[in-house]
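Asker: Be aware that the sequence shown starts at 387, since it is given in the numbering used here, and climbs by one per residue. Even for Gly, the Cβ is constructed at its ideal location relative to N, Cα and C. Just so it is clear, the structure is predicted and the values come from calculations on it, not from any experiment.
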Amino acid sequence: MTIEGTIAGWSLILLFTGLTVALAKPVGTWLFALYEGGHTPLHRVLGPVERGFYRLAGVRPDSEQTWRAYALHLLLFQLVLTLLTYAILRLQSVLPLNPRELAGVGSDGAMNTAIAFVTNTNWQWYGGESTLSNLSQMLALSIHNFLSAATGIAIAFALFRGFARRQSATIGNFWADCTRVTLYLLVPICVIYALFLVASGVPQTLASSIDVTTLEGAKQTLVLGPVASQEAIKMLGTNGGGFFNANSAHPFENPTALTNFIQILSIFAIGSGLTWCFGKAVGNTRQGWAILSAMMILFLAGASLTYWQEAAGNPVLHQLGVMGGNMEGKEVRFGIAASALFSVVTTAASCGAVNAMHDSFTALGGMIPLFNMQLGEVVVGGVGAGIYGFLLFALLAVFIAGLMVGRTPEYVGKKIEGKEVKLAVLAIAVLPLCILGFTAISAVLPAGLAGPLNQGPHGFTEILYAFSSATGNNGSAFAGLTAGTPFYNGLLSVAMWIGRFFVIVPALAIAGSLAAKKYTPETAGSFPTTGPLWIGLLVGIILIVGGLTFLPGLALGPIADHLAMTSGKLF
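#1: Measure the C-alpha to C-alpha separation of A723 and L706 and round it to an integer number of angstroms.
#2: Let me make sure I understand the geometry here. Which of E436, I656 and R454 has the alpha-carbon closest to that of R446?
#3: Look at the alpha carbon of P482 and the alpha carbon of I474, and state the distance between them as a whole number of angstroms.
#4: Taking 7 Å as the limit between beta carbons, can you name the residues of its chain near A826, skipping five residues before and five after?
#5: What do you get for P427, buried or exposed, if any count of 16 or more other CB atoms within 10 angstroms of its CB means buried?
#6: On the DSSP bridge assignment, give the partners of S595 in chain order.
#7: Hey, out of L809, A910, P872 and G866, whose CA is closest to P832's CA?
#8: Specify, as a first and last residue, the run of the alpha helix (DSSP H) that R886 falls within.
#9: Taking 8 Å as the limit between beta carbons, can you name the residues of its chain near K903, skipping five residues before and five after?
#10: Out of G395, L400, L778 and I596, state which residue places its alpha-carbon closest to the alpha-carbon of I962.
#11: May I have the straight-line CA-CA distance separating T388 from G495, to the nearest angstrom?
#12: Could you check where the alpha helix (DSSP H) with W694 kicks off and where it finishes?
#13: Run through the DSSP bridge pairs and tell me what K801 is partnered with.
#14: Would you call V718 buried or exposed, if buried means 16 or more other Cβ atoms sit within 10 Å of its Cβ?
#15: Since M759 and G715 are thought to touch, with beta carbons under 8 Å apart, how far apart are those beta carbons, to the nearest angstrom?
#16: Just to confirm before moving on: does the CB-CB distance between N741 and N506 stay below 7 Å?
#17: Does the structure place the region 648-668 close enough to the region 608-627 that three or more beta carbon pairs sit under 8 Å?
#18: From A852 to S862, what distance separates their C-alpha atoms?
#19: Going straight from the alpha carbon of M358 to that of A457, what length do you get?
#20: In chain order, what residues of the same chain have a beta carbon less than 6 Å from the beta carbon of W396, not counting five sequence neighbours either side?
#21: Does the distance from the CB of Q590 to the CB of A614 come in under 7 Å?
#22: Per DSSP, L867 is paired with what?
#23: The alpha helix (DSSP H) that contains T452, what's its start and end?
#24: Residues in the same chain with beta-carbon distance under 7 Å from A394, minus the five sequence neighbours each way, listed in chain order, please.
#25: For a quick check, are the C-beta atoms of L839 and G866 less than 7 Å apart?
#26: Pair every Cβ in the region 574-589 with every Cβ in the region 905-920, then say whether three or more of these pairs are closer than 8 Å.
#27: Could you tell me how far apart the beta carbons of L900 and A783 are, in whole angstroms, since I believe they sit closer than 8 Å?
#28: At the level of alpha carbons, what is the spacing between A815 and G603?
#29: According to DSSP, simplified to helix, strand and coil, what is C564?
#30: Thinking C-beta only, is V766 closer than 7 Å to G657?
#31: If F630 and G514 are in contact, beta carbons under 8 Å, what's the gap, nearest whole angstrom?
#32: What's the call for G721, buried or exposed, on a 16-neighbour Cβ count within 10 Å?
#33: Do W509 and A856 have their C-beta atoms closer together than 7 Å?
#34: Measuring CB atoms only, is the region 803-818 touching the region 562-569, in the sense that at least three cross pairs come out at less than 8 Å?
#35: Could you check the C-alpha separation between R486 and F747 for me, to the nearest Å?
#36: Can you name the residues that DSSP bridges to K716?
What follows is the structure in structure tokens.
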């Protein structure tokens, strides 16, 4: 790679980081208005729609819920959505808006897809353009891109109230939170976003295909559909499920360098804004800036290593006389820097969209996306899920800090006691147990071993990546695993469900416990949770607790693959 290319690449990463930080306060301000149930400029127009929905659904938005009621309503809602999506996919062949007359999806595939989109994972074992009708894409999938994102933000709001309230038995109303986020945040932005994508060349039509003549004179049929509307919420809601099999590497989903940059930026926009919203909710915006600072440190470290490795190229190819950076599996219209940045952002934020094939990255370049997911995807993280996952680590960090200084741990005015710590550890421990357990099963059973395309460490990484992605509700794949089998569809479905709801319920329980507590003012003996020491402790705890847990998998996968690559062996 040339010096100019390297400078351009580093500049792209720094520009992206700066804009992400700059968006935190304006986006957070809008989120805080929704968190409080206050008014936005859109309430004058959309207020009647909101009130009409409440009357139609029989919801009283001012009637708040305990954490148990909040969790119960949430879980029942997700169950109904799962069954509805399953039915639509199974009955696809007899439903309208199926111009290509595609058959219904098989039982194991339909259940896997339903769970994937309900849990905000959006794992795709299929090729979208060859498997799903326009109705399935819009009704069965796109609707979940809105609702699963709104659900994550609603849970974050509930946890914020746990920290902010004093001696309260309630943490908000799930239906009101979900409705306001969808109506006043996600839908308006996505309308503008989709129009920008259409203007950039992304299709938005109910037509199924178009016949074209290529420059060589050959005839070709191109699949079309309502792509722009799905693409907008796919990125903003950190969903990741693509209309086409090639996802954001497809020119109809991501046609230009500008659309690529806007898509990457939109993945982090709401997640960064939620950090400022948290600080505002607890009455100290420095708390939010401290969390965002820790996130950005982890992000920059990952982005730098990935770009450095991909720009350095493949040492095996260098020995064969093919010099330069690693362009395998990357789109030439994006290049190495934009592809490396996209891979880190999409796995740090539990989005799962891809504009390059991670399976073709260098061993250490591909390790960072994997490692991001194994940290719990709290480096900004998914919309809502990132901040409430990060706060679980914050509770653990402040507890450890309290042990070190010999005082009762406190965080933003609330004493952190055994109950909260146990619940946080339970939610955090679910990830390694699920990832490593299911990977071990798949690495020894014949049905599991039939999936990887490659042998050796790289093949093992393909399995490890799949369960890291599913449990972390990311949805991206190493692109070398044949996962559309009953074995993988079933096991990955269980991983996605556990990774979503076995974290959500403890987080809501923590919210309820904290909301019932008194406010404890800071004293001279309180551990500061806004300065460099706190930021360093947060980063260290996340790396130690989230990282060391996965060393066995990393050693058997990417690290072994890197050693094999540098020794001149190919897998």
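Answerer: The short version:
#1: On the sequence shown, position 337 is the one that residue 723 refers to. On the sequence shown, position 320 is the one that residue 706 refers to. About 24 Å.
#2: Your numbering for residue 446 matches position 60 in the sequence shown. Cα-wise, what sits closest to R446 is E436.
#3: For the purposes of this step, residue 482 is identified with residue 96 of the sequence shown, where counting begins at 1. For the purposes of this step, residue 474 is identified with residue 88 of the sequence shown, where counting begins at 1. Roughly 11 Å separates the two Cα atoms.
#4: Working through the sequence shown from its first residue, we reach residue 826 at position 440. Correct list: empty, nothing qualifies.
#5: Taking the sequence shown and counting its residues from 1, the one referred to as residue 427 is at position 41. It is exposed - the Cβ of P427 has fewer than 16 other Cβ atoms within 10 Å.
#6: Walking along the sequence shown from the start, residue 595 turns up at place 209. According to DSSP, S595 bridges with V609.
#7: Start at 1 with the first residue of the sequence shown, and residue 832 comes out as number 446. Nearest C-alpha to P832: P872.
#8: The residue given as residue 886 occupies position 500 in the sequence shown. From DSSP, the alpha helix (DSSP H) with R886 extends over P872 to A901.
#9: By 1-based counting over the sequence shown, the position of residue 903 is 517. These residues qualify, in order along the chain: R552, Q553, K800 and K801.
#10: With the chain running from 387 to 957 in the structure shown, residue 962 is simply not present.
#11: Translated into positions along the sequence shown, residue 388 becomes position 2. Translated into positions along the sequence shown, residue 495 becomes position 109. Its pLDDT being 46, under 50, T388 is placed unreliably by the model, and the measurement read from it follows with that caveat. Going by the C-alpha atoms only, they are around 45 Å apart.
#12: Residue 694 sits at position 308 when you count from the first residue of the sequence shown. Note, W694: alpha helix (DSSP H), T671 to A698.
#13: Here residue 801 is taken as the residue at index 415 of the sequence shown, counted from 1. Beta-bridge pairing links K801 to E796.
#14: Walking along the sequence shown from the start, residue 718 turns up at place 332. The residue in question, V718, is exposed, as its Cβ has fewer than 16 Cβ neighbours within 10 Å.
#15: As a position in the sequence shown, residue 759 is number 373, starting the count at 1. As a position in the sequence shown, residue 715 is number 329, starting the count at 1. Going by Cβ atoms, the distance from M759 to G715 rounds to 19 Å, so no, they are not a contact pair.
#16: Translated into the one-based positions of the sequence shown, residue 741 becomes position 355. Translated into the one-based positions of the sequence shown, residue 506 becomes position 120. No.
#17: yes
#18: Against the sequence shown, residue 852 aligns to sequence position 466. Against the sequence shown, residue 862 aligns to sequence position 476. Between A852 and S862, the C-alpha separation is close to 8 Å.
#19: There is no way to answer for residue 358, as the model of the chain reaches only from 387 to 957.
#20: Within the sequence shown, the letter at position 10 stands for residue 396. Contacts found: none.
#21: Position 204 of the sequence shown holds residue 590. Position 228 of the sequence shown holds residue 614. Yes, the pair counts as a contact, with Cβ atoms nearer than the cut-off.
#22: Your numbering for residue 867 matches position 481 in the sequence shown. Per DSSP, P838.
#23: The residue given as residue 452 occupies position 66 in the sequence shown. It is not in any alpha helix (DSSP H) - T452 carries neither H nor E in the DSSP assignment.
#24: What you label residue 394 is simply residue 8 of the sequence shown in a count that begins at 1. Same-chain partners within the cutoff: A723.
#25: Reading the sequence shown from its first residue, position 453 is the one you call residue 839. Reading the sequence shown from its first residue, position 480 is the one you call residue 866. Cβ atoms of L839 and G866: closer than 7 Å.
#26: no
#27: Here the question's residue 900 lines up with position 514 in the sequence shown. Here the question's residue 783 lines up with position 397 in the sequence shown. That pair is no contact at about 16 Å.
#28: As a working mapping, residue 815 is identified with position 429 in the sequence shown. As a working mapping, residue 603 is identified with position 217 in the sequence shown. Those two C-alpha atoms are separated by around 58 Å.
#29: Translated into positions along the sequence shown, residue 564 becomes position 178. Three-state DSSP puts C564 in a helix.
#30: Here residue 657 refers to the residue found at position 271 when the sequence shown is read from its first residue. Here residue 766 refers to the residue found at position 380 when the sequence shown is read from its first residue. Closer than 7 Å, so yes.
#31: In the sequence shown, residue 630 corresponds to position 244, counting from 1. In the sequence shown, residue 514 corresponds to position 128, counting from 1. That belief holds up - the Cβ atoms of F630 and G514 are roughly 6 Å apart, short of 8 Å.
#32: As a working note, residue 721 is residue 335 in the sequence shown. Per the 10 Å Cβ criterion, buried.
#33: Locating residue 509 in the sequence shown gives position 123, counting from the first residue. Locating residue 856 in the sequence shown gives position 470, counting from the first residue. Yes.
#34: no
#35: Position 100 of the sequence shown, counted from the first residue, corresponds to residue 486. Position 361 of the sequence shown, counted from the first residue, corresponds to residue 747. The alpha-carbon atoms of R486 and F747 are separated by roughly 35 Å.
#36: Your numbering for residue 716 matches position 330 in the sequence shown. Paired residues: A742.
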